[in-house]
Amino acid sequence: MKTKVTTRGQVSIPATIRKKLHIETDTKLEWFIEGDELRVVPLPKDPISAFRGKGKGVYTTRDLLKERRRERRMEDERDKKN
119 MKTKVTTRGQ VSIPATIRKK LHIETDTKLE WFIEGDELRV VPLPKDPISA
169 FRGKGKGVYT TRDLLKERRR ERRMEDERDK KN
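Taking this note's numbering, the leading residue of the sequence shown gets 119, the next gets one more, and so forth.
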């Protein structure tokens, strides 16, 4: 799909894209330059709800401490050899 930039720097988003990405009036967009390309990302209306559930599947503090203790034992063993 192609669109054109107006003399005022505005761009129309094709209806098929707006529908697929749920872009409505007053939807905020974030613009990124990646190399020689432009990426446009619609922002959620409620940014807090967008982060809900993002921490699922992440290690618990207990898991992280257990892993750190294991790493420490390995470091201690390595230091004894040197």
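Ideal Cβ placement from N, Cα and C applies to all residues, glycine included.
*Hey, out of T134, R126, K198, T125, whose CA is closest to M119's CA?*
Comparing Cα positions, the closest option is T134.
*Go ahead and pull the three-state DSSP assignment for E193.*
Helix.
*Using beta-carbon positions only, say whether V159 and E148 come within less than 7 angstroms of one another.*
yes
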